[in-house]
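S.K.: In our numbering, the protein residues as written are 4 to 289.
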Amino acid sequence: MWIYICIILILIFAFVVAVIYHDTHTFVVRNYEVPSDKVERDYTFVLLSDLHGYEFGKDNVKLYEAVDEVSPDAILVSGDMFTAEKIKGEIQYRPGFELLSSLSSKYKIYYGNGNHEHKMKVFTKEYGNFYDRYRNKLTQKGIVFLENDSVVIDDNIRITGLDLGLEYFKKITKKSMDKGYINRLVGDSSKEKFNVLIAHNPQYFNEYTEWGANLTVSGHVHGGIVRLPLIGGVISPAIALFPRFDGGKFEKEGNTMILSRGLGTHTIHVRFYNPGEVCVIRIRKA
């Protein structure tokens with residue numbers, strides 16, 4: 004009897020390890036559609052988020068090819084392309100840096116910070132001017148960093164990057180956001196234009212829509228790390244069980260949030276039934 008139990012446990016353990024290995028070494032491409040009468044034509048974005056220094060093939064060639072196959076009008080980055088942690092004495096930023104550098108020669112890229120970029124930016128005593136050098140090198144390649152700033156692109160689309168402070172990324176507890184806080188950071192939204200908001204933390208989707216975001220793109224939650232059938236994500240980086248916003252498409256009052264499940268991991272390097280994700284967002288002229 005005990006032999007059979009041990010065999011079953013070994014098989015379960017082997018299965019779990021195999022799924023985790025697979026899901027931390029691969030990604031899927033998911034397509035999302037967002038209709039709008041504000042755009043002048045159909046427009047395609049690719050959303051990349053939470054790479055955390057991971058590589059999919061040498062020099063991230065698999066990611067590059069996946070983006071190139073879509074051939075988007077532009078690329079959105081919703082933060083955490085590296086982890087604000089020194090491994091063997093240095094930040095593992097090169098995989099994301101090299102990927103974005105390569106893509107920037109062909110596509111326009113709009114980059115909004117995550118909590119890891121923001122941490123590097125404000126903790127200068129620990130990290131020096133690393134963030135400034137990272138940003139400046141990518142800016143020289145034509146990548147547009149949106150740190151509480153906006154840019155209007157073709158076809159009546161306005162992209163805003165929201166750079167929240169670290170107090171909005173606390174573990175366990177969620178900090179309340181004052182009404183008008185986003186307006187004070189980035190200014191008012193445009194009623195005439197299609198407003199795209201790059202906001203790393205999806206917990207504040209209600210506040211984003213109140214500000215006027217027609218489309219919010221987010222990350223941070225890593226799909227809930229472990230996903231269960233019919234239930235979804237199990238835990239968020241904020242140590243919240245069964246997060247409401249774990250990954251996919253969410254809607255409120257005619258506005259949409261596309262929440263990427265991310266590509267990499269950090270601290271606890273686990274993904275279960277939750278491979279990385281490249282999001283393809285097609286805005287359809289209604």
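Cβ atoms here follow ideal geometry from the backbone N, Cα and C, with glycine treated the same way.
Going by beta-carbon coordinates alone, are G99 and S52 separated by less than 8 angstroms?
M.R.: Not in contact: G99 and S52 (Cβ atoms no closer than 8 angstroms).
S.K.: Would you check if the distance between the CB atom of V155 and the CB atom of Y113 is smaller than 8 angstroms?
M.R.: Not closer than 8 angstroms, so no.
S.K.: On the three-state DSSP scale, how would you describe R44?
M.R.: Reduced to three states, the DSSP call for R44 is coil.
S.K.: Is the beta carbon of F248 sitting closer than 8 angstroms to the one on V220?
M.R.: In this structure, V220 does not lie closer than 8 angstroms to F248 by Cβ.
S.K.: For L218, which residues of its own chain have a beta-carbon under 6 angstroms away from its beta-carbon, when the five flanking residues on both sides are left out?
M.R.: Here the set comprises V37, V199, T259.
S.K.: Compute the Euclidean distance between the alpha carbons of T176 and Y7, then round it to the nearest angstrom.
M.R.: Answer to the nearest angstrom: the Cα atoms are 44 angstroms apart.
S.K.: Do R44 and V283 have their C-beta atoms closer together than 8 angstroms?
M.R.: No, Cβ-Cβ distance for R44 and V283 is not below 8 angstroms.
S.K.: May I ask you to verify whether the region 132-142 touches the region 92-109, counting CB pairs closer than 8 angstroms and requiring at least 3?
M.R.: Cβ pair count under 8 angstroms is three or more, so yes.
S.K.: Using the three-state DSSP reduction, which class does F248 fall into: helix, strand or coil?
M.R.: Three-state result, F248: coil.
S.K.: Comparing alpha-carbon positions, which option in T270, D71, G235, H25 lies nearest S108?
M.R.: With distances taken between Cα atoms, S108 lies closest to D71.
S.K.: Give the single residue among E88, D152, G265 whose Cα lies nearest to the Cα of R187.
M.R.: Measuring from the Cα of R187, the nearest candidate turns out to be D152.
S.K.: Which same chain residues, not among the five before or five after I160, have their C-beta less than 7 angstroms away from its C-beta?
M.R.: Cβ within range, chain order: V42, Y46, K196, F197, V199.
S.K.: Give the DSSP bridge partners of S39, in chain order.
M.R.: Answer by DSSP bridge pairing, in chain order: K288.
S.K.: When you compare only the Cα positions, how much space is there between Y276 and N118?
M.R.: C-alpha separation (whole angstroms): 25 angstroms.
S.K.: Return helix, strand or coil for K255, following the three-state DSSP convention.
M.R.: Here K255 sits in strand by DSSP.
S.K.: Who are the near neighbours of K124 in its chain, counting only those whose CB is closer than 7 angstroms to its CB and skipping five residues on each side?
M.R.: Hits under 7 angstroms: Y134.
S.K.: Could you give the first and the last residue of the continuous alpha helix (DSSP H) run that contains V22?
M.R.: Here the alpha helix (DSSP H) through V22 covers 5-26.
S.K.: Do you know offhand how far I13's Cα is from L231's?
M.R.: Whole-angstrom Cα-Cα distance: 21 angstroms.
S.K.: Mind checking whether the beta-carbon of Y67 lies closer than 7 angstroms to any heavy atom of the ligand SAM?
M.R.: Annotation note on the ligand SAM: not contained in the displayed structure, which lists no ligands.
S.K.: I162: buried (16+ other C-beta within 10 angstroms of its C-beta) or exposed?
M.R.: So I162 counts as buried.
S.K.: Write down every uninterrupted run of the beta strand (DSSP E) in the region 77-132 whose length is 3 residues or greater and which is fully enclosed by it, in chain order.
M.R.: DSSP runs (the beta strand (DSSP E)) wholly in the region 77-132: 77-80, 111-114.
S.K.: Sorted by chain position, which residues of the same chain lie with C-beta nearer than 8 angstroms to D40's C-beta, five sequence neighbours on each side aside?
M.R.: If we look at D40 and ignore the five residues flanking it on each side, its Cβ neighbours are K288, A289.
S.K.: In the DSSP assignment, find the unbroken alpha helix (DSSP H) run with T212 in it and report its ends.
M.R.: Residues 208-214.
S.K.: Within a Cβ cutoff of 8 angstroms, which residues of the same chain sit near V19, ignoring the five residues on either side of it in sequence?
M.R.: Result list for V19: F275, in chain order.
S.K.: Under 6 angstroms Cβ to Cβ from G145, same chain only, skipping five residues before and after it: list those, please.
M.R.: Here the set comprises S107.
S.K.: Contact defined as beta carbons within less than 8 angstroms: I believe G236 pairs with G222. What is the distance between those atoms, to the nearest angstrom?
M.R.: So it is not a contact: roughly 13 angstroms between Cβ atoms.
S.K.: Return helix, strand or coil for I3, following the three-state DSSP convention.
M.R.: Nothing about residue 3 can be read from this structure; the chain reaches only from 4 to 289.
S.K.: Output the distance between the C-alpha atoms of S74 and H272, rounded to the nearest integer angstrom.
M.R.: So the two alpha carbons sit approximately 31 angstroms from each other.
S.K.: Is the Cβ-Cβ distance between L167 and N204 less than 8 angstroms?
M.R.: Yes, Cβ-Cβ distance for L167 and N204 is below 8 angstroms.
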